[in-house]
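Chemist: So that we are looking at the same thing, I have put the structure below in structure tokens.
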Amino acid sequence: MRVTQSMLSSNMLRNLNTSYNKMSKYQDMLDSGSVISRPSDDPVVAVKGMGYRIELDKNQQYQRNLREANTWLDTTDEALDQVGGALKRVKELIIQAANDTNTADDRQKINAEMQHIKEQLRDIANTKVGENYIFSGTHTNQPLYTDKAGPQNPDITTGGQKAIEINVFDGISMNINTPGADLFENIDGFMTHVTTLLESGATGPEIGSALGLEVTNGANKIPGLDGIYENTLTLRADVGARQNRVEMMGNRLSLQEVNVTKQLSANEDTDYAKTITDMVTQESIHQAALSVGAKIIQQTLVDFIR
Numbered sequence: 332m333r334v335t336q337s338m339l340s341s342n343m344l345r346n347l348n349t350s351y352n353k354m355s356k357y358q359d360m361l362d363s364g365s366v367i368s369r370p371s372d373d374p375v376v377a378v379k380g381m382g383y384r385i386e387l388d389k390n391q392q393y394q395r396n397l398r399e400a401n402t403w404l405d406t407t408d409e410a411l412d413q414v415g416g417a418l419k420r421v422k423e424l425i426i427q428a429a430n431d432t433n434t435a436d437d438r439q440k441i442n443a444e445m446q447h448i449k450e451q452l453r454d455i456a457n458t459k460v461g462e463n464y465i466f467s468g469t470h471t472n473q474p475l476y477t478d479k480a481g482p483q484n485p486d487i488t489t490g491g492q493k494a495i496e497i498n499v500f501d502g503i504s505m506n507i508n509t510p511g512a513d514l515f516e517n518i519d520g521f522m523t524h525v526t527t528l529l530e531s532g533a534t535g536p537e538i539g540s541a542l543g544l545e546v547t548n549g550a551n552k553i554p555g556l557d558g559i560y561e562n563t564l565t566l567r568a569d570v571g572a573r574q575n576r577v578e579m580m581g582n583r584l585s586l587q588e589v590n591v592t593k594q595l596s597a598n599e600d601t602d603y604a605k606t607i608t609d610m611v612t613q614e615s616i617h618q619a620a621l622s623v624g625a626k627i628i629q630q631t632l633v634d635f636i637r
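Position 91, counted from 1, in the sequence shown is what our numbering calls 422; the numbers after and before it change by one each time, with no gaps.
Here it is as structure tokens:
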């Protein structure tokens, strides 16, 4: 086959264009820090990158869910701590009221404090996180008590005491609330019983007898109140266990985020040292092609005649 001047020129221009494209690609990689600028550059890398980004998006959503869970659990733990403190004070007041050295006026003063504690406990029962009532089960938009002096919300006590679950990892969910209708109903019933006794003008021994107050091994025991206090501690222990689990899940998500980010980086990030070397090499090849090509293009019929 005869090789013409035109064929040499066409081949040279095509090769130069290819060389320019390669240098342009290397320049894009250095400027963007990514081995691809569009999916068509490398569909395999692009598809893998999409998968890694989906994993990171899910991870970030799970971390937001965990922050929400932490808020609910921390608030619940603090509220139950306040309940425990209030119940301790109630026990102290009952022991005082059962002491027959106190007068009727003294017991009325005790009753006044009991009434305030009762209202405070109802306020705790209506604790909120944002606009959500944390002890109202699935009825998070409704308070457990409709007002400080009123009874429990019947809608909640009859059908809303269920767990609220959120996703914290692929296929893993956990409940973040502590349905408190039973606990606060027992507390409220006991407090009502105590205040009714105090208002009736019962004597110290009568109050102690009605509440089952007894001294065992030097410790004052009030079965009804002690049972409620133990139940409060049990609920708080459960909250603590869930707080620990949230912390562990947070650590797991942090590790996953680091691993997926590394995989995404290995998949797409530019290897600057290699790319710069390739760029310099390609520039040398390009300059050589230009030098040779200039000699090919400059030859004309006049050159041959000369």
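Glycine included, C-beta positions come from ideal geometry on N, C-alpha and C.
I503: beta carbon under 8 Å from a heavy atom of the ligand COA?
Modeler: Within the structure as shown, the ligand COA is missing, as the structure has no ligands at all.
Chemist: Between N517 and G511, what straight-line distance do the alpha-carbon atoms span, to the nearest angstrom?
Modeler: If you take the alpha carbons of N517 and G511, they lie about 10 Å apart.
Chemist: Extract the residue ranges of the alpha helix (DSSP H) inside the region 520–573, only unbroken runs of 4 or more that lie entirely within it.
Modeler: As far as the region 520–573 is concerned, its whole alpha helix (DSSP H) runs of at least 4 residues are 535–541.
Chemist: At the 9 Å Cβ level, is I518 part of the contact set with chain D, yes or no?
Modeler: The question asks about chain D, but that chain is absent: this structure has only one protein chain.
Chemist: Exposed or buried, what is P374 when buried is set at 16 or more other beta-carbons lying within 10 Å of its beta-carbon?
Modeler: With fewer than 16 other Cβ atoms within 10 Å, it is exposed.
Chemist: From the DSSP output, which residues share a beta bridge with I497?
Modeler: Answer is M505.
Chemist: If I'm right that Y383 touches N598 with Cβ under 8 Å, what's the distance once you round it to whole angstroms?
Modeler: The pair is a contact, with the Cβ atoms about 7 Å apart (cut-off 8 Å).
Chemist: Which residue from M343, T608, K605 puts its Cα closest to that of P619?
Modeler: Just to set this straight, residue 619 is Ala in the shown sequence, not Pro. Closest option to A619, Cα to Cα, is M343.
Chemist: Within the region 388–464, note down every full alpha helix (DSSP H) run reaching 4 residues or more, in order along the chain.
Modeler: Listed in chain order, they are 435–456.
Chemist: Does the beta-carbon distance from L584 to N390 come in below 9 Å?
Modeler: A contact, by the Cβ cut-off of 9 Å.
Chemist: Under 8 Å Cβ to Cβ from T523, same chain only, skipping five residues before and after it: list those, please.
Modeler: The residues are K449.
Chemist: Note down the Cα distance separating E494 from H470, rounded to an integer number of angstroms.
Modeler: First, the amino acid is wrong: residue 494 is Ala here, not Glu. Using only the alpha carbons, I get a separation of about 10 Å.
Chemist: Checking 9 Å against the spacing of the C-beta atoms, do R438 and G543 come in under that value?
Modeler: No, the pair does not count as a contact, with Cβ atoms beyond the cut-off.
Chemist: Determine which residues share a DSSP beta bridge with S365 and list them.
Modeler: DSSP lists D600 as partners of S365.
Chemist: Quick check: the region 426–444 against the region 493–509, are there 3 or more CB pairs under 8 Å?
Modeler: No, the region 426–444 is not in contact with the region 493–509.
Chemist: Would you say the region 600–619 touches the region 410–422, given that touching needs at least three Cβ pairs under 8 Å?
Modeler: Touching, no, given that fewer than three Cβ pairs across the two stretches are closer than 8 Å.
Chemist: Taking 9 Å as the cut-off, decide whether the C-beta atoms of M505 and V577 are in contact.
Modeler: Yes, the pair counts as a contact, with Cβ atoms nearer than the cut-off.
Chemist: In terms of alpha-carbon separation, which member of M381, P536, D372 lies closest to R355?
Modeler: Just to set this straight, residue 355 is Ser in the shown sequence, not Arg. Cα-wise, what sits closest to S355 is D372.
Chemist: With a threshold of 16 other CB atoms inside 10 Å of the CB of N548, please say whether the residue is buried or exposed.
Modeler: By the neighbour-count rule (16 or more Cβ atoms within 10 Å), N548 is not buried but exposed.
Chemist: Less than 9 Å between the beta carbons of V378 and L514, yes or no?
Modeler: No, the pair does not count as a contact, with Cβ atoms beyond the cut-off.
Chemist: Taking C-alpha atoms, which residue in S540, Q451, Q358, F466 lies nearest to T612?
Modeler: Looking at the Cα atoms, Q358 is the closest of the given residues.
Chemist: Excluding the 5 residues preceding and the 5 following A625 in the sequence, name in chain order all residues of the same chain whose CB lies nearer than 8 Å to its CB.
Modeler: The answer is none, since no qualifying residue turns up.
Chemist: Can you list, in chain order, the residues of its chain with a C-beta nearer than 7 Å to that of G535? Leave out the 5 residues immediately preceding and following it.
Modeler: A428, A429, N430, D431, N433.
Chemist: Among D600, A604, M610, S350, which has the Cα closest to the Cα of S368?
Modeler: The residue with the shortest Cα to Cα distance from S368 is D600.
Chemist: Is A550 buried or exposed, if buried means 16 or more other CB atoms sit within 10 Å of its CB?
Modeler: When all chains shown are included, A550 counts as exposed.
Chemist: Output the distance between the C-alpha atoms of E614 and N352, rounded to the nearest integer angstrom.
Modeler: Spanning the two alpha carbons is a distance of roughly 11 Å.
Chemist: Within its chain, find whatever has a CB closer than 7 Å to the CB of M680; leave out the 5 residues flanking it on each side and keep chain order.
Modeler: Residue 680 lies beyond the range of the chain shown here (332 to 637); nothing can be said about it.
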